[in-house]
Amino acid sequence: MRDILVIGGGMITHDQILPSLLHLRRIGRVGTIEVCARRQETLNALAGAWFLRDAFSGVGYSASTEPYRQRIAALPKRSIVFIATPDPLHHEMAMAALAADQHVICVKPLALTAAHSREIEAAARERGLFVGVEYHKRFDDRSLMARRAYREGRFGEFRLGHARLLEKWNYRSSNFQNWFTRENSDAFTYIGCHYVDLVAFVTGLIPVAVSVFGIPDRFPNGNEGYLWTDARVLWNNGACLNVQNALGYPDAGPGPNTQGLTMYCSGSGSGALIEHSDQYRGLKYSYGDGQYVEPSPDYFQYVEWAGLGLKPAGYGYRSIEALVEACEEGVAHNDLLATPANSSYNEAVIEAARESIARDGATVSCR
Ligand SMILES: NC(=O)c1ccc[n+]([C@@H]2O[C@H](COP(=O)([O-])OP(=O)(O)OC[C@H]3O[C@@H](n4cnc5c(N)ncnc54)[C@H](O)[C@@H]3O)[C@@H](O)[C@H]2O)c1
18 MRDILVIGGG
28 MITHDQILPS
38 LLHLRRIGRV
48 GTIEVCARRQ
58 ETLNALAGAW
68 FLRDAFSGVG
78 YSASTEPYRQ
88 RIAALPKRSI
98 VFIATPDPLH
108 HEMAMAALAA
118 DQHVICVKPL
128 ALTAAHSREI
138 EAAARERGLF
148 VGVEYHKRFD
158 DRSLMARRAY
168 REGRFGEFRL
178 GHARLLEKWN
188 YRSSNFQNWF
198 TRENSDAFTY
208 IGCHYVDLVA
218 FVTGLIPVAV
228 SVFGIPDRFP
238 NGNEGYLWTD
248 ARVLWNNGAC
258 LNVQNALGYP
268 DAGPGPNTQG
278 LTMYCSGSGS
288 GALIEHSDQY
298 RGLKYSYGDG
308 QYVEPSPDYF
318 QYVEWAGLGL
328 KPAGYGYRSI
338 EALVEACEEG
348 VAHNDLLATP
358 ANSSYNEAVI
368 EAARESIARD
378 GATVSCR
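Residues 18 to 384, numbered by this note's numbering, are exactly what the sequence shown covers, in order.
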């Protein structure tokens with residue numbers, strides 16, 4: 018049972034990471050939990066989260082604004098550092114954690130270049146430490162179903178596909194406006210990587226080249242970012258996946274985002290298809306206050322359970338549970354979990370994408 022330091026107390030820590038870890042602590046699967054962030058306001062906002070009172074009453078965590086290196090140094094060796102900060106910080110934080118002999122779990126993407134991913138992999142291997150990347154779509158049962166059927170040959174070979182994931186317009190008003198700027202990220206790098214990883218996860222194919230066209234737009238604070246992107250990802254069997262991403266789904270839309278994946282395959286001579294609607298999961302709720310929503314029961318929900326409070330349910334929780342489990346030494350794991358050794362194609366795609374977007378969508382090979 019390992020202690021955990023979460024670096025970063027923003028949206029993803031609030032929405033998925035901290036509640037998952039609090040449940041794991043409650044059922045005796047992790048030791049102490051600490052969240053460290055730069056600003057006290059971040060920690061205060063987290064401390065006011067409804068779930069601490071209604072779902073995890075009596076399950077504690079500590080918080081600190083001390084520099085993350087100090088907090089890593091205070092951990093017992095071979096604990097877990099969970100990185101949940103903006104993308105450009107992941108590499109330096111992972112390297113600092115590994116140098117201090119800590120296992121690492123990192124939100125996607127692990128790094129922004131393939132070289133950084135390889136550096137992290139080498140440092141982990143040298144010290145016998147685990148590094149896992151939190152690609153939670155892998156733990157959606159529909160992904161696992163598609164992977165199994167694809168690998169049984171039931172779809173034949175993937176040829177052409179499209180994926181979309183557009184977050185709500187109101188993301189523009191969040192802390193994103195401070196870091197999601199042209200030089201740091203873009204809609205494809207931020208969120209498109211989920212579907213690139215998923216197609217690789219299902220098919221075993223590797224992306225070899227990418228072209229990303231980005232449309233710059235302004236955040237409310239005046240910063241400029243590539244808030245709309247259209248990407249073409251080419252695969253090592255010649256297949257092509259189009260991926261559209263944005264911080265641009267209407268706030269009035271019924272789900273938290275719009276997302277889905279369509280893959281046309283060769284089949285056994287007459288074609289085959291994989292089609293996942295990933296935001297409409299069959300639920301339509303019209304509340305008494307006039308609000309209409311289509312909630313997903315699959316990513317992350319709070320449900321009653323045999324114990325006190327509520328427990329997190331869904332693939333967002335299962336992904337974190339599996340990654341924490343993998344940090345237990347001696348636990349064998351297969352390539353269901355993303356590690357730098359088995360998923361560095363994601364960083365290669367991101368690196369090529371960043372070059373492509375700066376060159377108006379030129380095709381760039383993944384190195
Ligand atoms: N679907 C997903 O997998 C998913 C969804 C959301 C975010 N993410 C990833 O999670 C990461 C964070 O995203 P977010 O939405 O939570 O962002 P956010 O801006 O809401 O939060 C980032 C946090 O990092 C903290 N931080 C920044 N520098 C720090 C430092 N030096 N030391 C300690 N804390 C520091 C900030 O204080 C803030 O609390 C990003 O890499 C993003 O790509 C993944």
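Just so you know, even glycine gets a beta-carbon here, dropped at the ideal spot from N, CA and C.
Nothing here was measured: the structure is a model prediction, and the numbers come from that model.
For a test of the three-state rule: what should DSSP assign to residue i, helix, strand or coil?
i	result
residue 280	strand
residue 383	coil
residue 228	strand
residue 246	strand
residue 160	helix
residue 344	coil
residue 203	strand
residue 350	coil
residue 127	coil
residue 37	helix
residue 154	helix
residue 46	coil
residue 318	strand
residue 258	strand
residue 175	strand
residue 270	coil
residue 91	helix
residue 100	strand
residue 115	helix
residue 23	strand
residue 355	strand
Starting from the Cα of residue i, find the closest Cα among the options and give me that residue.
i	options	result
residue 177	372, 283, 307 and 137	283
residue 205	125, 267, 238 and 141	125
residue 361	148, 330 and 337	148
residue 313	320, 322 and 300	300
residue 324	31, 74 and 113	74
residue 46	81, 97 and 56	97
residue 57	26, 71 and 37	26
residue 167	364, 87, 296 and 291	291
residue 140	150, 154 and 119	119
residue 91	381, 329 and 20	20
residue 309	297, 319 and 320	297
residue 64	351, 89, 36 and 88	36
residue 341	151, 320 and 138	151
residue 256	220, 135 and 328	220
residue 316	352, 193, 274 and 18	274
residue 153	169, 208 and 102	208
residue 303	272, 294, 211 and 239	272
residue 23	44, 240 and 48	48
residue 33	377, 319 and 376	319
residue 86	77, 78, 76 and 115	115
residue 400	142, 134, 337 and 146	In this structure the chain extends from 18 to 384, so residue 400 is not present and cannot be described.
residue 294	245, 134, 175 and 182	182
residue 55	197, 102, 223 and 230	102
residue 222	261, 326 and 164	164
residue 254	368, 99, 225 and 197	225
residue 28	305, 169 and 193	193
Which partner residues of residue i appear in the DSSP bridge assignment?
i	result
residue 275	183
residue 293	278
residue 65	Partner(s): none; residue 65 has no beta bridge.
residue 235	241
residue 468	Any property of residue 468 remains undetermined from this structure, which presents the chain solely from 18 to 384.
residue 211	None, per the DSSP bridge assignment.
residue 149	122
residue 263	183 and 245
residue 81	53
residue 309	303
residue 329	319
residue 252	224
Since residue i contacts residue j with CB under 8 Å, what's their CB separation in whole angstroms?
i	j	result
residue 60	residue 52	7 Å
residue 365	residue 373	The Cβ separation is near 12 Å, so there is no contact.
residue 370	residue 216	That pair is no contact at about 15 Å.
residue 155	residue 358	Wrong, their Cβ atoms sit about 15 Å apart, outside the cutoff.
residue 123	residue 111	6 Å
residue 179	residue 279	5 Å
residue 173	residue 289	5 Å
residue 388	residue 137	No answer is possible for residue 388: the residues shown for the chain start at 18 and end at 384.
residue 233	residue 239	In fact, because the Cβ distance is near 12 Å, the residues do not count as touching under 8 Å.
residue 50	residue 38	5 Å
Taking 7 Å as the CB-CB cut-off, is residue i touching chain C?
i	result
residue 263	Of the chains in the structure shown, none is chain C; there is only one protein chain.
Contact the segment 157-164 vs the segment 194-201: 3+ CB pairs below 8 Å: no
Cβ pair count under 8 Å reaching 3, the segment 268-283 against the segment 246-254: no
The segment 80-93 in contact with the segment 127-134 per 3-pair CB rule at 8 Å: no
Touching by the beta-carbon criterion (3+ pairs, under 8 Å), the segment 178-190 and the segment 331-351: no
Any 3 or more C-beta pairs closer than 8 Å across the segment 326-333 and the segment 98-117: no
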